[in-house]
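Quick note, the sequence shown lines up with residues 1 to 249 if you use UniProt numbering.
This report refers to the structure that appears directly beneath it.
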Amino acid sequence: MYDLMTGKRGDKDIRYLFIDEVQDYSAFQLAFLKFSFPRAKFTLLGDLNQAIFTHENSRKLLGELSSMFPADKTRVVQLTKSYRSTAQITNFTKHLLTNGEEIEPFNRQGELPEIHVAAGVDAAVEKVKNQAEKNLTDHETTAIIGKTLKECRQLTDKLAEVGVKATLIRTENQRLVKGIIVVPSYLAKGLEFDSVIMWDASKNCYPDDHDRQLVYTICTRAMHRLTIIATKELSPIFETVPQEEYQLV
Numbered sequence: 001m002y003d004l005m006t007g008k009r010g011d012k013d014i015r016y017l018f019i020d021e022v023q024d025y026s027a028f029q030l031a032f033l034k035f036s037f038p039r040a041k042f043t044l045l046g047d048l049n050q051a052i053f054t055h056e057n058s059r060k061l062l063g064e065l066s067s068m069f070p071a072d073k074t075r076v077v078q079l080t081k082s083y084r085s086t087a088q089i090t091n092f093t094k095h096l097l098t099n100g101e102e103i104e105p106f107n108r109q110g111e112l113p114e115i116h117v118a119a120g121v122d123a124a125v126e127k128v129k130n131q132a133e134k135n136l137t138d139h140e141t142t143a144i145i146g147k148t149l150k151e152c153r154q155l156t157d158k159l160a161e162v163g164v165k166a167t168l169i170r171t172e173n174q175r176l177v178k179g180i181i182v183v184p185s186y187l188a189k190g191l192e193f194d195s196v197i198m199w200d201a202s203k204n205c206y207p208d209d210h211d212r213q214l215v216y217t218i219c220t221r222a223m224h225r226l227t228i229i230a231t232k233e234l235s236p237i238f239e240t241v242p243q244e245e246y247q248l249v
């Protein structure tokens, strides 16, 4: 609005604009960028299934973009093959989505994801400890991903009490170290790790479909090994995953 009121016409010298993680942009923000760079050709990259900040807006984004750019000058390329994770992890995670059947796994074999449901928090922490120590014998980095920073801070303290040294990631600028790190979900987005432990995948923490894309994003951070730990009752989001795609431990 300020630019319109002051008569600013945008930067006409910029000819190419590349935007990554476009699912986290609103149509308004993209329209402003189009106004700011009127002669630029746009390349937009993203995964709408990982829209953990915009949620509902991301589902309408493609339609809104079609009205923003001329149809005869727009090309949509859908990339369906996943190269980050093993075939077993990809086959597991695609069932977390309502439209995941089109995702193709890369032919790299590994272990089935494991789901552990503990009787309480202390038992769950013990499972995290055992799994993290096992992971370190095989891989350089294990990320324990919780939903919020508060939950991650509490878990880091509990792990310290049972003798596990873990680094808590608090900000996006913090350097990632080898070993065991604890990171909130919103900071794990866009990253990848040898092994991932999803902390507290319980019904109490992820009660309904509103968190489906967040759960998908957490689980797809894993390259080689995925472990999901819940307390008392597993989130209903996992009910869409066939039993043959994971091990219930």
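Think of the CB as a built atom: it goes at the ideal place given N, C-alpha and C, for glycine as much as any other residue.
Since we're looking at a predicted model, the values are computed, not measured.
| Check | Outcome |
| --- | --- |
| 3 or more residues per run - each beta strand (DSSP E) lying fully within the region 44-118 | 114-118 |
| Alpha-carbon spacing of E101 relative to T90, whole angstroms | 11 Å |
| Proximity winner among E245, S85, K165, relative to L191 (alpha-carbon distances) | S85 |
| Close Cβ partners of L248 (< 6 Å) along its chain, the five nearest in sequence each way excluded | I115 |
| Per DSSP, the bridge partner or partners of G179 | T141 |
| Residue environment, N173, which counts as buried when at least 16 other CB atoms sit within 10 Å | exposed |
| Residues bridged to Q247 [DSSP beta-bridge criterion] | E114 |
| Option in I14, I229, K232, R225 with minimal Cα separation from E140 | R225 |
| 4-residue-minimum alpha helix (DSSP H) runs that sit fully inside the region 165-209, ordered along the chain | 185-188 |
| K147, buried or exposed, once every other Cβ within 10 Å from all chains shown has been counted against 16 | buried |
| Among F42, L61, Q23, nearest to Y16 - alpha-carbon criterion | F42 |
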